[in-house]
């Protein structure tokens with residue numbers, strides 16, 4: 003009896019919102035973002051719904067300051083509190 007080939011399942015593709023949050027995460031976690039505790043985020047190809055969800059999540063994040071720019075982009079500022087450790 004020959005072995006039955008197993009079907010290769012591909013990992014699920016990230017949603018558009020997940021791609022947006024991954025992009026922001028890369029900005030925040032790169033060396034410049036870590037040192038400056040500031041990043042500039044442009045909406046780029048994000049849908050209005052995804053962008054609104056992201057802004058809502060930021061609004062609920064303690065210690066995060068969101069500065070809205072005239073062009074629709076945002077600047078994020080944060081402080082690290084060592085009291086939490």
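In my numbering, the protein residues as written are 3 to 87.
Cβ coordinates follow ideal geometry from the N, Cα and C atoms, glycine included.
Residue 80 versus residue 4 - alpha carbon distance
60 Å
Q: Within 10 angstroms of the Cβ of residue 76, are there 16 or more other Cβ atoms? Answer buried if so, exposed if not.
A: buried
- prompt: In terms of residues, what are the limits of the beta strand (DSSP E) holding residue 82?
  reply: Residue 82 -> no beta strand (DSSP E), and no H or E assigned at all.
Quick one: what's got a C-beta closer than 7 Å to residue 42's C-beta in the same chain, skipping five residues either side?
75 and 77
Taking the alpha-carbon positions, what's the residue 36 to residue 66 distance? Going by C-alpha positions, residue 36 is about 14 Å away from residue 66.
- Query: Among 15, 16 and 22, which residue has its Cα nearest to the Cα of residue 57?
  - Reply: 22
Where does residue 22 fall in DSSP's three states?
helix
**Message:** Using the three-state DSSP reduction, which class does residue 54 fall into: helix, strand or coil?
**Reply:** Of the three classes helix, strand and coil, the one that applies to residue 54 here is helix, per DSSP.
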